[in-house]
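Read through the structure below, which is laid out as structure tokens, and then see the notes.
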Amino acid sequence: MYAEAMPGESAVAAMQGSLLFGRLTLDAIPFYSWVAMGGAVVTVFTVLLAVLWVSWLGKWRYLWSEWLTSVDHKRIGVMYIVLALVMLVRGFIDAIMMRAQQAIALNNEGYLPPEHFEQIFTSHGTIMIFFMAMPFLTGLINVVVPQQIGARDVAFPFMNSISLWLTAAGAGLVGVSLVLGRFSTAGWTGYPPYSGSDFSPGVGVDYWIWALLISGVGSTMTGINFIATILRCRAPGMGLMKMPLFVWTAFCTSILMAFAFPALTVVAALLGLDRTLDMHFFTNDLGGNMMNFANLIWIWGHPEVYILILPAFGVFSEVTAVFSQKRLFGYPSLVYATAAIALLSFTVWLHHFFTMGSSPNVNAIFGIATMIIAVPTGVKIFDWIFTMIRGRIIFHPAMLFTIGFIITFVIGGITGVLLAIPPVDYLMHNTTFLVAHFHNMLIPGALFGYFAGTQYWFPKAFGFKLNEFWGKMVFACWFVGFYLAFMPLYVLGFLGMPRRLEHYHNPDWQPLLLVAFVGACVVLVGIFSVFMQFYVSIRDREQNRDMTGDPWNGRTLEWATSSPAAPYNFAVIPQVDSLDAFWAMKEKAEAYSCKDHYDPIVMPKNTGVGVFIGGAGFLLGFAIVWYIWWLAALSLLAVIGLLMFRSSQKEAYEIISAETVLSIEQARVRHYPEVQSAMSERSPS
Amino acid sequence: MITVAELIREHEEESLENRAYGFWLYLMTDAIIFALLFATYVTMFSNTAQGPKPVDLFDLQHVFIETLCLLISSVTFGFAFLASVQKKLASSVGWLLITLVFGLSFVVLEVSEFLEMINEGAGPQKSGYLSAFFTLVATHGLHVSVGMVGIMMMTCQILFKGLTKPVCSRLFRLGLFWHFLDIVWIGIFSVVYLPVFI
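Same order as they appear, the protein sequences are chains A and B.
Reading the first sequence from the start, the letters are residues 1286 to 1970 in the working numbering.
Reading the second sequence from the start, the letters are residues 3 to 200 in the working numbering.
See the structure below:
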């Protein structure tokens, strides 16, 4: 029996430590491994460097008033993507460290102690899912969706700012865990009983729980926000079946976010109660039931996969149509396939634990449901291919990512159908075959899509195009690097290598692990290229200005505005009467008309309350992780106070005068002749 | 030619309608949280680990009074909202305060039930069943407490700002929240307490 709490006895974990600092002591600094210490030092230095750099530029006021406090969906979107790119680097450092460890750790300990290796695979998964992929897709949706539906903003601009800062607060907690204390060692899904306080008594799992809880609330709110935005803020005439496909995928993703994330909130909270208040939801003793955890986390976890992938499908649909210079093939089938995937995603969660003792009949049902998801996905693949057939394909980096995705994703899909067969899963469960499979879905299926979206919509956000050479480098390195890094893992899975191995004694595995390491190095060049592309493009921005707002001869409404779009997006809300609304406007030669008078426009004013709520959320999480109860109470009160303050305030507005609107619109139309000549040059007659 | 004031009014009206819609969506997400806590409770029902069983724990009379308090508070909130629609400021505030009293009695009764159980050695640390019981019922209680903070805030807003459009819209949303908690309680009553007494 483990510590059984008797009434009247203060055996509750939450009572540990001093009153002022809880269980936070100097031991929290990672002296246990030089690599971990190095990580802590690098983290602190990076933050310091960023602070010094902004101070040296003297840009704090600008940063605060124009960006951090912004409620403009485009700026919030850009900040989400910046966060995603920072966390991509962090998550990738974890990845290449694991590859390096496994490349050398044959019959020796390698360079990472086991305890540190476990933290690294946990933080790699946690960061890549929650703090790289989620902010990346949320950022793209934020930048693009309101512009695609002809709206001036999202339904709840202030809540949007809160969502962003709660996500950032969660990411901050994971970052702090590098410096103070340790991160979880329980894997990114944190299965109990190992993640319970009996086996993981430190702060690691608590960091994981609170990072998920805080950012999860942000994601739920994002879901609510975009369901409301898409259903209520569309331009007049844009029926559901006239929405661009990216809007459809964003819509289904938002529904999944709103209805799946509460499950994550519940499961993380229950594990937190087990750990902090000694309850018995998932413990070995006193009536705990850890199968409940597996069920609850995957009821969120499987829809989460589609939350990540659907927006990328939307990007691919837009990109394929524009760069094949054709309308999208089979639009209705793509819409129905998207909706079917969203629905089916709630019916397959059990396939994540076929081996955990369900009856053969239950396993069979979930196996079949899983295979059925391949059908709508297959429909989509064919639609994209048919869009390309007889198109005049432009091999822009965004299009390369799309083609790379189609090829690679099909391989991943096939291995997924394999794993959906329960007897096969019994053989493959917890091997590197599984690791290869889900990376094979998520790297092309999610990340390639986000990269393609970045290449495609960057000019709309910043007013100049990205350098294409470096864009092609990003694609080439990620594509080749992916195959080198993950195809060997399929083979290793067949050879019986379990996932998450810190060292091993089978010499047959090492050559393949070396190949995988080389793959990770190629991906490293890919990540370098991402930043090189930004650098080169910003340096050469004057040559690459997008003067017309429509650099790719686009089809959807976001290209009907100037680049970068004015804060209000549309001076006059467009009337939509067909799919590909902007294309129709161009055909009717209405796309570049300018009125000689506009109405003033009312926009919500920026507010710092969102930033403060995020800050208080961060402190709340930090305080509970370390049992600093006075700080936890204080930050909770701060959140409540800030919300009450905001709701009692009179709504503040920014009025954009009619003259300003007129001058912005005239500037866009001035370049119309250039557009006309460019269009006649490019478009097939 | 549209004036700025008209534009702001238009913008405000649209955003208030959006908020009512968004609030329904929020309630749906909250309903999922409760649904999963209910599911957890049901799966943990027999995991009492030689500790106290549900039959030994509950007092029908206590629960009955609790339920009455909450149901009546829902009715009185309805009156407060109707009064606000008819622009009767004083009566609206009065009904809100009555609602607050009933809400407070509910929370006090619930906390006393919890304390009694903990003193009898049936705290949430005793067994998986009791963890699930306390978590489900206390999550509802926490929501009621948040609702009471909302009622206090709305009372102040009505007194200081009057029954303006934004205030009425907030009151409407708070009402949705309050009635939603009633529905959840009926679920708790039927799933947690009723089976024990039948």
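We put the CB at the ideal spot given by N, CA and C, even for glycine.
None of the values given here were measured: they were computed from a predicted structure.
Quick one: list the residues of chain A neighbouring residue i, beta-carbon separation under 7 Å, in chain order.
i	result
phenylalanine 126/B	The question names phenylalanine, but residue 126/B is proline in the sequence shown. Near proline 126/B (Cβ distances below 7 Å), the residues of chain A are Leu1562 and Met1564.
arginine 175/B	Result: empty, since nearest Cβ-Cβ is about 10 Å, beyond 7 Å.
glutamine 159/B	Ser1933
histidine 145/B	Simply none; closest approach about 13 Å.
State the DSSP-derived secondary structure class of residue i, mapped to helix, strand or coil.
i	result
glycine 1307/A	strand
glutamate 1872/A	helix
leucine 1571/A	coil
methionine 1888/A	strand
glutamate 1939/A	strand
glutamate 1289/A	Only weak support exists for where glutamate 1289/A lies, its pLDDT of 42 falling under 50; the value from the coordinates is given anyway. Three-state DSSP puts glutamate 1289/A in coil, outside helix and strand.
isoleucine 185/B	helix
threonine 5/B	coil
leucine 1391/A	strand
tyrosine 1883/A	coil
phenylalanine 1867/A	helix
tyrosine 1789/A	strand
glutamate 1294/A	Low local confidence applies: a pLDDT of 42 at glutamate 1294/A is under 50, so the model's placement there is unreliable, and no value is given.
serine 1970/A	Because serine 1970/A sits at a pLDDT of 38, beneath the cut-off of 50, its placement in the model cannot be relied upon, and the point is left open.
valine 1954/A	helix
threonine 69/B	helix
arginine 1560/A	helix
threonine 1974/A	As shown, chain A starts at 1286 and ends at 1970. That puts residue 1974/A outside it, with no answer to give.
phenylalanine 1566/A	coil
proline 1517/A	Correcting the residue type first, residue 1517/A is arginine in the shown sequence and not proline. Three-state DSSP puts arginine 1517/A in a helix.
phenylalanine 1813/A	helix
arginine 11/B	helix
proline 1783/A	strand
threonine 1507/A	helix
Of all the options the options, which has the alpha carbon lying nearest to the alpha carbon of residue i?
i	options	result
leucine 1558/A	Pro1477/A, Ser1822/A and Arg1519/A	Pro1477/A
serine 1446/A	Ala1325/A, Trp1911/A and Arg1931/A	Arg1931/A
threonine 1776/A	Val1759/A, Ala1801/A and Phe1764/A	The sequence as given places valine at residue 1776/A; threonine does not occur at that position. Answer by Cα proximity: Ala1801/A.
phenylalanine 1733/A	Met1542/A, Thr1328/A, Ala1597/A and Asp1438/A	Ala1597/A
isoleucine 1812/A	Phe1723/A, Phe1767/A, Leu1309/A and Leu1498/A	Phe1767/A
arginine 1384/A	Ala1624/A, Met1419/A and Gln1795/A	Gln1795/A
leucine 1305/A	Tyr1883/A, Ile1909/A, Met1929/A and Val1946/A	Ile1909/A
valine 1808/A	Ala1770/A, Ser1355/A and Gln1432/A	Ala1770/A
phenylalanine 1441/A	Leu1373/A, Ile1515/A and Trp1473/A	Ile1515/A
threonine 1739/A	His1724/A, Tyr1479/A, Ala1513/A and Thr1687/A	Thr1687/A
valine 109/B	Ile190/B, His142/B and Leu165/B	His142/B
Do the CB positions of residue i and residue j come within less than 8 Å of each other?
i	j	result
glycine 1489/A	arginine 1467/A	yes
serine 1920/A	leucine 1904/A	yes
cysteine 1762/A	serine 1814/A	yes
leucine 1530/A	tyrosine 1621/A	no
valine 1428/A	lysine 1359/A	yes
proline 1859/A	alanine 1866/A	yes
proline 1645/A	asparagine 1715/A	no
Mark residue i as exposed unless 16 or more other C-beta atoms lie within 10 angstroms of its C-beta, in which case mark it buried.
i	result
methionine 1382/A	buried
glutamate 112/B	buried
glutamate 1787/A	buried
arginine 2/B	Lying before the first or after the last residue shown, residue 2/B is absent from chain B, which here runs from 3 to 200.
leucine 1498/A	buried
glycine 1293/A	Unreliable positioning characterises glycine 1293/A in this predicted model, as indicated by a pLDDT of 40, which lies under 50. A coordinate reading is not provided.
tryptophan 1742/A	buried
alanine 124/B	buried
glycine 1663/A	exposed
Which chain B residues sit within Cβ distance under 7 Å of residue i?
i	result
glycine 1977/A	Here chain A has residues from 1286 to 1970 only, and residue 1977/A is not among them.
List the residues of chain B that residue i touches, going by C-beta distances under 8 Å, in chain order.
i	result
alanine 1543/A	Leu27, Met30 and Thr31
leucine 1581/A	Leu38 and Thr42
Residues of chain B with CB closer than 9 Å to the CB of residue i, please, in chain order.
i	result
phenylalanine 1441/A	Ser17, Asn20, Arg21 and Gly24
Just to confirm, does residue i get its C-beta within under 7 Å of one of the non-hydrogen atoms of the ligand MG?
i	result
tryptophan 1868/A	Looking at this structure, you won't find the ligand MG or any other ligand, since it has none at all.
For a contact defined as C-beta to C-beta under 8 Å, what are the partners of residue i on chain A?
i	result
alanine 85/B	Going along chain A, no residue has its Cβ under 8 Å from alanine 85/B, so there is no contact; the nearest lies around 21 Å.
alanine 51/B	His1565, Asp1570, Leu1571 and Gly1572
Along chain A, in chain order, which residues have C-beta atoms closer than 9 Å to that of residue i?
i	result
glutamine 63/B	Neighbours of glutamine 63/B on chain A: none; closest Cβ ~24 Å, over 9 Å.
isoleucine 4/B	Asp1884 and Pro1885
leucine 138/B	None at all; the shortest Cβ gap to chain A is about 11 Å.
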